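Working notes, structure below.
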Amino acid sequence: MFCFQCQEASKGTGCTLSGVCGKTPEVANMQDLLLFVVRGVAVYNQELRKAGTPSSEADKFVFDGLFMTITNANFDKQAIIEKIKSGLALKKELAKQVSLPNPPDECTWDGNESEFEEKSKTVGVLRNQDEDIRSLKELVHYGIKGMAAYVEHAWNLDNENADLFAFMQHALAEITRNDISANELIALTLETGKYGVTAMAQLDAANTGHYGNPELSEVNIGVGKNPGILISGHDLKDLEELLQQTEGTGVDVYTHSEMLPAHYYPELKKYKHLVGNYGNAWWKQKEEFETFNGPVLFTTNCIVPPTKNATYKDRIYTTGASGLEGATHIPARVNGQPKDFSAIIAHAKTCQPPTEIESGKIVGGFAHAQVLALADKVVDAVKSGAISKFFVMAGCDGRMKSRSYYTEFAEKLPKDTVILTAGCAKYRYNKLPLGDINGIPRVLDAGQCNDSYSLAVIAMKLKEVFELEDINDLPIIYNIAWYEQKAVIVLLALLHLGVKKIHLGPTLPAFLSPNVTKVLVENFGIGGISSVDEDIAAFLA
Ligand code: FSO
Ligand code: SF4
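To convert a position in the sequence shown, counted from 1, into full-length UniProt numbering, add 2.
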């Protein structure tokens, strides 16, 4: 195996023996083969698209296949094998309708399960010899993986955009080319950012269209007396159906990690048995799932495979693109009918209520509509000097010790600054007593990582209000934490919007070669982080 797609890549270069995330070499290899099949399907479907007859089954296969390979989304080898088999069958169907003069191996290869392992070892990241071409191809690849996740959530809410399907498959077809140049790939990287904005805007429209605009909300972090189900990941449709099916059953629902922002949506917070948010960011699950006592539902990443002795092993359920050997997988919707959560609900009834690990409330819901509703107050605070600067600290949290930087950074920021956040990065500072400025909380949480879109909307609005030419003239500093591929698409989207001098930490991606890093530094002023004191001094200078 070789994988370097996330921030925790072993030794900062790549995982080769097994994943720091818990991915075994067998699962890693099958994911490589799945991506190989995804590329073949994309190449064929692009041909069909040119003829005006793209396959919607292929569209779905592509975004779903990409999503399954995102960091810590799916550890279930058999589920990945089944996906490969369905992709091979689909590819054969598409091939019948297409005549390609020189089809790549991605299109022509076929094999049975006994041949998967051997083939998988030849189709991974290292198939590209040139490190810059490899780096750029993977940068695009990870960007469209993140995009695929957002597209899937929107699709679950009956929201689809043919342009996004076309772009993802175009990008995959380009990555499949052996003769693509570095310049072509750089252009494709920037284009990926453009479609990243479209994907995030689409998901924002889907979420707000179904559940209303996020609004200023207090979220309970304590527990109630009923047994509960803990729901993690990003898929709001799954949460909605779970809430509908648990209503009146005596089973409460709690959010974990990236599901916290569900509490900000009027159409979700209205459920009285959506009791609160339990715990912190994804990587704390090993302790928090123990004390939660009830079953846990993963709707997407971030799964940490439980240790042998974990008491919650049999309490894990997955659905959608997520998967874990030994966990119960709740099947997809059929013909638009809701998923069947009866097994997890029955399971919850046999469990003890959660053990309280903290109490109190956290505040959030500052997506674009809420912030724009407060725009006058915010603008006055900037004009009067009460707010000197905004710090965008969106992104992901992770296990690395060095991430304590973000807690310390938030603590040491001057009291006249405001943090704008989205994604699970917020757990590094969202329970600190950072106070407010004239009633405006000093940490404004827009929501999930995809709600970084809201932060961009807010920035563009401020640019308009202050009549600035350039988004970079705003008093906004970008100090972003990344972990997996959704952060890659957020980053590329920000670059597309013209944001410069983004700081990325706690370490720069292993998949950026020195030359590609140089391009990003020279054209966009991207930088890493150093010490909190040095960085704050530099940012405020
Ligand atoms: Fe975090 Fe995980 Fe949302 Fe990511 S829970 S790390 S960027 O999946 O997607 O922020
Ligand atoms: Fe390693 Fe990250 Fe890949 Fe997992 S996803 S194998 S931790 S680089």
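Even glycine gets a Cβ: it sits at the ideal position worked out from N, Cα and C.
Just so we're clear, the structure is a prediction, and the values are computed from it rather than from any experiment.
Out of V501, A189, V127, Q99, the CA that lies nearest to the CA of I528 is found in V501. Between the segment 82-95 and the segment 19-27 there are fewer than three C-beta pairs closer than 8 Å, too few to call the two in contact. When Cβ pairs closer than 8 Å are counted between the two stretches, the segment 311-324 is seen to touch the segment 290-302, the count reaching three or more. Nearest C-alpha to D66 among G54, Q80, Y46, L36: L36.
The residues F65, L68, F69, in chain order, have a CB closer than 6 Å to that of A150 in the same chain once the five nearest residues on each side in sequence are set aside.
Taking C-alpha positions only, N525 is separated from E193 by approximately 15 Å. Residue pairing by DSSP places P443 opposite D438 in a beta bridge. With at least 16 other beta carbons inside 10 angstroms of its own, P263 counts as buried. Assignment of alpha helix (DSSP H) within the segment 246-307, counting only whole runs of 4 or more residues, yields 268-271, 287-294 in chain order.
Annotation for G230: D254, Y256, G296, P356 place their beta carbon closer than 6 Å to its own, counting only its chain and skipping 5 residues before and after. Around the Cβ of D160, a 10 Å sphere holds fewer than 16 other Cβ atoms; the residue is exposed. Contact annotation, F411 with I504: C-beta distance approximately 15 Å; criterion of less than 8 Å not satisfied. Per DSSP, the unbroken beta strand (DSSP E) holding E220 starts and ends at 219-222.
Per DSSP, the continuous beta strand (DSSP E) segment holding H331 begins and ends at 330-332. Contact annotation: C451 and A489 have beta-carbon atoms nearer than 8 Å. In the DSSP annotation of this structure, the continuous segment of the beta strand (DSSP E) that includes A483 starts and ends at 478-483. Closest in alpha carbon position to L141, among F393, C8, V221, P333, is C8. Per the coordinates, the alpha-carbon of Y46 lies some 33 Å from the alpha-carbon of G24. The continuous stretches of alpha helix (DSSP H) do not include V225, and DSSP gives it neither H nor E.
V521: member of the alpha helix (DSSP H) spanning 516-526, first to last residue.
Of all alpha-carbon atoms in A345, K288, P105, L422, the one lying nearest the alpha-carbon of N311 is that of K288.
Residue environment analysis places G14 among the exposed positions, since fewer than 16 neighbouring C-beta atoms fall within 10 angstroms of its C-beta. Inter-residue distance for H172 and V199 is about 17 Å (C-alpha atoms, whole angstroms). Secondary structure at G325: strand, using DSSP grouped into helix, strand and coil.
Look at E260: its beta carbon is less than 7 Å from one of the heavy atoms in the ligand FSO. N76 is bridged by DSSP to G325.
Its chain contains A377, V381 as the residues whose beta carbon lies nearer than 8 Å to that of V467, once the 5 sequence neighbours on both sides are disregarded; these appear in chain order. Within the DSSP bridge table, the entry for H505 names N481, G529 as partners. A distance below 8 Å separates the beta carbons of P106 and T178. For the pair A184 and I135, the CB atoms are nearer than the 8 Å cut-off. Contact check for I223 against G278 passes: the beta carbons are separated by less than 8 Å. In this structure, DSSP gives L494 a helical state, which the three-state scheme calls helix. For C426, the closest of D399, K433, I83, P508 by C-alpha to C-alpha distance is D399. By the Cβ neighbour-count rule, D535 is exposed, with fewer than 16 other Cβ atoms within 10 Å of its own.
Within its own chain, the residues whose Cβ lies closer than 7 Å to the Cβ of A203, once the five positions on either side in sequence are excluded, are Y455, listed in chain order. Within the same chain, and ignoring the five residues on either side of E358 in sequence, the residues whose Cβ sits closer than 8 Å to its Cβ are G224, V225.
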